[in-house]
Every structure is written in C-alpha cells, then in structure tokens.
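In this note's numbering, the protein residues as written are 28 to 236. Backbone N, C-alpha and C define an ideal beta-carbon position, used for all residues, glycine too.
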Amino acid sequence: MAENILVLEPGDERAQKIARAMSSQTANDILQQLAEGPTSLADIAEHLSQPMNTVKYHVENLLEAGLIAVAETRYSVKGREVKMYSLTNQLLIVAPRQSPVRSLILKYASLFAIVLVATIGIMAFGPLFSGMYGMTDAAENFALASPPSPAVADRQAGGEEIMTAKAAYGGAIDLGTTTSPDTALAFFLGGILVILVLLCYEAWLWKRK
C-alpha cells in the first residue's frame, strides 16, 4: 500500500516534471525494470542495452520528479559506491483544479455539520444534566424555605398534608423544569451566525484577489 498520496493539478510544477520524466520510452523501461526490485545504474544500462550516459540522464529526471529514489548504497569489490534505485511508494492522483467557490462551500459545509452534531448532542444530553442540577437546586431550596404555618399543617392529614407543604414551599421540589431546547437552539443559531460571518468575509477576500 502506498505510504502517501500525492494529488497533482494539471500545470503545476511537480506535474510538469513528471510529464517530462515519463515522456521517453527509455524512462518507462527504467520504471518497469525498477518495479522488479532495487537496481543499480550499471545493471539498468546492461538490461536495457542503453549507453550509461543515456540511462543516467533519465534516472536523474525520474529522481527529480520523485518517481524513484535511492533505496540503499552498496560498495563494489573495488570499494566504489554503488547506488541502488527503486520506485517510490506513493500514489499519484491527477485531479482538475478546484474552483475557489466550491472549496469554500465544502469547507463551511463541514463546519455546519459540526455545529449540527453538537446541537443534537446538547439536546440529547442536556435534560440529563438539567435534571441533576435541578435536583441539587431543589434540595437547597427545600432546606432554606420556611416551614408552613401550623394552622395549615393541622388541618391536613396524610398525603394531603404533603401537597400543602409542597405548595407552601413555592414549588421548590418541582424537578421537571428544563431549558435544554432553548440552550440547543441558541447554540445552533449562534453557530450559524458565526459561519455566515466567516463565509462572507472569505468571499470578500476572494473577490478582492
């Protein structure tokens, strides 16, 4: 599998170097030879029955284009340095040049998706945290509230007395209140507003260019 993916646009410098390097049949023959494994310059020239200078010229072009690389360095019996060349482990993709407007829309579409997912998360988990905080607040209010008057308590009995006490505390133990939908809506609208401002700003910069 390729170690990296290189996306080229027609006309850029790297694409031109690759086109020049592969314009010769000899260069393609060298690539086919290297596909079998690391090979030295002398072995390539012998295998292709080409002059050493010709092979060296094409190998240098392929090196500059990044299509091949020096895999390792060995030493001959006489102690001379011998470079072993191999194909680079990468995937080349030639794609048409993208329009700035299209790139801009794709960029902010991703931001919108992030805001949307975060809003859904707030709506999903907001009631849970609101309930936890509501229980804590209710307990504190219940402890701080003044007790009902004895006259009211004397006139009530059993479950009715509990209901009277609840009314006297002003609904301090009512735990059903939640503001998560309002919070989620505010977050969503705020995120959309920020995206629109950034989008307009980048569009303005693009028009100035």
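Assigned exposure category for residue i - 16 Cβ within 10 Å defines buried
i, result
"A184", "Because the pLDDT of A184 is 46, which lies under 50, any placement of that residue in the model is unreliable, and the number read from its coordinates should be weighed accordingly. Exposed is the call here."
"V88", "Inspection of the sequence shows that residue 88 is occupied by Asn rather than by Val. By the 10 Å Cβ count, N88 comes out buried."
"I45", "buried"
"Y102", "exposed"
"T81", "exposed"
"I147", "exposed"
"A69", "exposed"
"G217", "exposed"
"Y112", "buried"
"L94", "buried"
For residue j and residue i, believed in contact at Cβ under 8 Å, the rounded distance
i, j, result
"A136", "T115", "A136 to T115, Cβ: 34 Å. No contact."
"P65", "A98", "4 Å"
"Q60", "H74", "6 Å"
"A48", "A92", "4 Å"
Sheet register partners of residue i (DSSP bridge)
i, result
"Y112", "T66 and V97"
"Y102", "E108"
Same chain only: Cβ atoms within 6 Å of residue i, ignoring 5 sequence neighbours per side
i, result
"L33", "Q117 and L119"
"K110", "V97 and T100"
"L226", "Y135"
"G106", "none"
Own chain, CB closer than 8 Å to residue i, minus 5 neighbours either side, in chain order
i, result
"H85", "A48, S51, T53, A54 and I57"
7 Å CB neighbourhood of residue i in its chain, flanking five on each side removed
i, result
"F215", "V142 and T146"
"K83", "L68"
"Q77", "T53"
Interface flag, residue i vs chain C, CB-CB below 8 Å
i, result
"K110", "Among the chains in the structure shown there is no chain C, since it carries only a single protein chain."
- Task: Kindly confirm or deny that the segment 216 to 224 and the segment 138 to 148 touch, where touching means at least three C-beta pairs closer than 8 Å.
- Result: In short, these stretches touch, since the Cβ pair count reaches three.
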